[in-house]
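Worksheet: the structure to be examined is printed underneath.
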Amino acid sequence: MRIILFGAPGVGKGTQAKILSEKFHIPHISTGDILREAVANGTELGKKAKALVETGQLVSDNIMIGIIRDVISSSQCKNGFILDGFPRTHAQAEGLDQLFKELQLSLNKVINIDVKENEIIRRLSSRWMCKKCRRIYSELINSVSGNRRCPFCAGELYQRDDDKPETVRHRIKVYMQLTVPLKEYYRRIGLLVDVNGMGDVKTVTDRILAVLNRTHV
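Residue numbering for the sequence shown follows my numbering, starting at 37 and increasing by one per position.
Printed below as a string of structure tokens:
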């Protein structure tokens, strides 16, 4: 089973990826995580990425594709994987397609989690992070709206700039410009399925599982 989870910031891709990873016993590949791991492990590509990051440059598509290649061609991905956070542009999608051809792998499904913009803003602007242990909490789920202290370590909670409403709107705008065209790219080749991301976590998970069962992934 090889799946891409697609959707704007705040739709719950990471949460759903973790659930599906546990259910199907396949790794959740977050491109942010594997990039940081490659840098920390000092791999050849990790060193190149680190040099770019330290000079304020973006990590190139070729480097990211190379890091993804290292992960999906490893034994941990022999039964499949869930890719979260990549691709984000048409060029990245084409690079990923070429990688799959080289590795003789096929992509089973691209699941687009669809959530309305006002709900994304509501979700992200309710998030708070602990300065001490770095855990993330939501006012919508956790009881953290009182003294702004972490329930786990009592550290101070703060709101990241990325989660402030004005920043969230900008992130959504960038997503719409760069990434939404990929929906048509994957729709044309018959891989894209839209899933309603409104509702609680279990409801959305059940919708995704229904898609996977219906399409015999």
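Every residue gets a Cβ at the ideal spot worked out from N, C-alpha and C, and that includes glycine.
Taking the Cβ atoms as the reference, residue 85 lies roughly 6 Å from residue 74, within the contact range of under 8 Å.
For residue 60, the enclosing alpha helix (DSSP H) stretches over residues 49-60. Each residue's CA atom was taken as its position, placing residue 117 and residue 144 some 10 Å apart.
Shown here, residue 227 sits in coil according to DSSP, grouped into three states, outside any helix or strand. Taking the Cα positions, residue 107 is about 7 Å away from residue 113. For residue 64, DSSP records a beta bridge to 118. Following the DSSP letters along the chain, one finds residue 108 inside the alpha helix (DSSP H) bounded by residues 97-108. By the Cβ neighbour-count rule, residue 63 is buried, with 16 or more other Cβ atoms within 10 Å of its own.
Taking C-beta atoms under 8 Å as the contact rule, residue 163 and residue 157 fail to qualify, at a distance of about 11 Å.
Taking all protein chains in view, the Cβ of residue 243 is crowded by 16 or more other Cβ atoms within 10 Å, so the residue is classified as buried. Sorting 70, 140, 102, 236 by C-alpha distance to the C-alpha of residue 177 places 236 at the top. In the DSSP assignment, residue 205 falls within the alpha helix (DSSP H) that extends over 201-214. In this structure, DSSP gives residue 89 a helical state, which the three-state scheme calls helix. Bridge pairing for residue 39: 118, 145 [DSSP]. Beta-bridge partners of residue 150 (DSSP): 232. Taking a 10 Å sphere around the C-beta of residue 103, we find 16 or more other C-beta atoms and assign the residue as buried.
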